[in-house]
Amino acid sequence: MSSCAKKLHFATSTVVPAAEGTVKYKKDDNGNYAISVKIVNLADPKKLVPSKNTYVLWMETDRSNVQNLGQINSSSGWFSSTLKASLEAVTPYKPRSFFVTAEDNATVTYPSPQVVLRTQ
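Structure, rendered in structure tokens:
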């Protein structure tokens with residue numbers, strides 16, 4: 001993404017306090033928004049209380065809708081020993097904010113109340 005991209009930081013979390021990350025997004029030539037997420041020090045979701053299977057990135061749109069952008073993947077397997085995670089997504093909706101939830105599966109249509117990260 002170029003320098004025209006907007007960059008948001010995730011706020012410090014009480015659930016995963018070591019986690020740090022950013023979301024970059026930019027409108028592409030087709031009018032869609034390309035989104036890139038990078039997170040470090042994100043704990044394995046199975047270590048949370050209650051234990052979950054995965055993390056999902058959600059976006060609040062400028063129309064106050066919430067959209068599941070997909071499962072957050074690590075650099076080797078779901079979560080690597082270096083605890084790096086990322087996601088690339090494209091959406092036709094203008095982003096307003098982003099948040100990450102811990103979920104039992106990645107195909108959920110509504111976010112669980114277990115929000116682990118939220119953009120500032």
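For what it's worth, the UniProt record's numbering labels the leading residue of the sequence shown as 1, then goes sequentially. Glycine residues also receive a C-beta, built at the ideal position from the N, C-alpha and C atoms.
- Taking Y93 as the centre and dropping the five residues before and after it, the same chain places the C-beta of Y33, M59, T61, D62, R63, N65 and Q67 closer than 8 angstroms to its C-beta, in chain order.
- Short of 7 angstroms from the beta carbon of K27, and not among the five residues preceding or following it, lie these beta carbons of its own chain, in chain order: Y33.
- Scanning its chain for C-beta atoms nearer than 7 angstroms, with the 5 sequence neighbours on each side dropped, one finds around C4 the residues K26, in chain order.
- Counting C-beta atoms within 10 angstroms of its own C-beta, Y110 has fewer than 16 neighbours from the protein chains shown and is therefore classed as exposed.
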